[in-house]
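>
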Amino acid sequence: MRPGDWTCPSCNDHVFAKNDECRRCRTQRPEGAASVPGSVASRAPAQVARDGDWNCRGCGDLQFARNGTCRRCGQEKPSDAGLSPAVATAPVAVQGAKSDLRPGDWVCPRCNDHVFARNDNCRRCQTGRPSGADVAAIAAAAAVSNAALRGDIKPGDWHCPGCKDLQFARNTECRKCGTAKPLAGGHRGRSRSPRR
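Numbering follows full-length UniProt numbering, in which position 160 of the sequence shown is assigned residue number 160; successive positions increment by one, without gaps.
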């Protein structure tokens, strides 16, 4: 969290300082909403998921493999949480897929691990790199399916045609590469034909 960010008291979502309402449940920012001072946030250790760890689909909190319920919101561990670290930690995997996939990087079709472009085999399961066309399809599918699992795709949200990053419906251009939002259905707005 950055200075001024706050945690929604209704759904525990992390809300950026610039927002007066929660993007997930629309709860208004409470007066004196708690935020984490920058110095504390910068000293917080990064959470690293280990085999079997899982992210709660209700609030996104990282859970140890041994936890049967979320320690933050009490939601039960999903049945697929222990299948593989990449699947069990879908929100973590999606963050990587959405913002850290660079040209040539690929997502392993066997274990869903993010593999850097320089590697011909997956570091986790040693599966070989799929063909070029499959690399982009697998990466896009992983980002979309994992985001859908988290419930992050809302009506009107769109994927940038330039970099495939998931955008909120309100964005008129891609926050990552600046590509303009495509018009729905490929239309270019009003017709130029004369009125009748």
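All C-beta atoms, glycine included, are put in the ideal place defined by N, C-alpha and C.
Everything numeric in this text was worked out from a predicted model, so none of it was measured.
#1: Is Ala117 helix, strand or coil by DSSP?
#2: Spatial neighbours of Gly58 within its chain, please: CB distance less than 7 Å, with the 5 preceding and 5 following residues excluded, ordered by chain position.
#3: Hey, Pro161 and Pro130 are a contact pair by Cβ (cut 8 Å); roughly how many whole angstroms apart?
#4: Among Thr172, Arg102, Asp157 and Leu62, whose alpha-carbon lies nearest the alpha-carbon of Arg23?
#5: What is the DSSP secondary structure of Asn55, reduced to helix, strand or coil?
#6: From the DSSP secondary-structure annotation, give me the bridge partner or partners of Leu166.
#7: Does the separation of the CB atoms of Cys125 and Val115 fall below 7 Å?
#8: Measure how close the beta-carbons of Cys174 and Gln167 come, nearest whole angstrom, since I'm counting them as under 8 Å.
In short, the structure shows the following:
#1: Taking the first residue of the sequence shown as 1, we reach residue 117 at position 117. Note: Ala117 maps to coil in three-state DSSP.
#2: For the purposes of this step, residue 58 is taken as residue 58 along the sequence shown, with counting starting at 1. Answer for Gly58: Cys70, Cys73 and Gln75, listed in chain order.
#3: Working through the sequence shown from its first residue, we reach residue 161 at position 161. Working through the sequence shown from its first residue, we reach residue 130 at position 130. In fact, because the Cβ distance is near 22 Å, the residues do not count as touching under 8 Å.
#4: Against the sequence shown, residue 23 aligns to sequence position 23. Minimum Cα distance to Arg23 is reached at Asp157.
#5: Taking the sequence shown and counting its residues from 1, the one referred to as residue 55 is at position 55. Strand at Asn55.
#6: Locating residue 166 in the sequence shown gives position 166, where the first residue counts as 1. Per DSSP, His159.
#7: Along the sequence shown, read from residue 1 onward, the residue named residue 125 stands at position 125. Along the sequence shown, read from residue 1 onward, the residue named residue 115 stands at position 115. Taking 7 Å as the Cβ cut-off, Cys125 and Val115 do not qualify as a contacting pair.
#8: For the purposes of this step, residue 174 is taken as residue 174 along the sequence shown, with counting starting at 1. For the purposes of this step, residue 167 is taken as residue 167 along the sequence shown, with counting starting at 1. Confirmed, about 6 Å.
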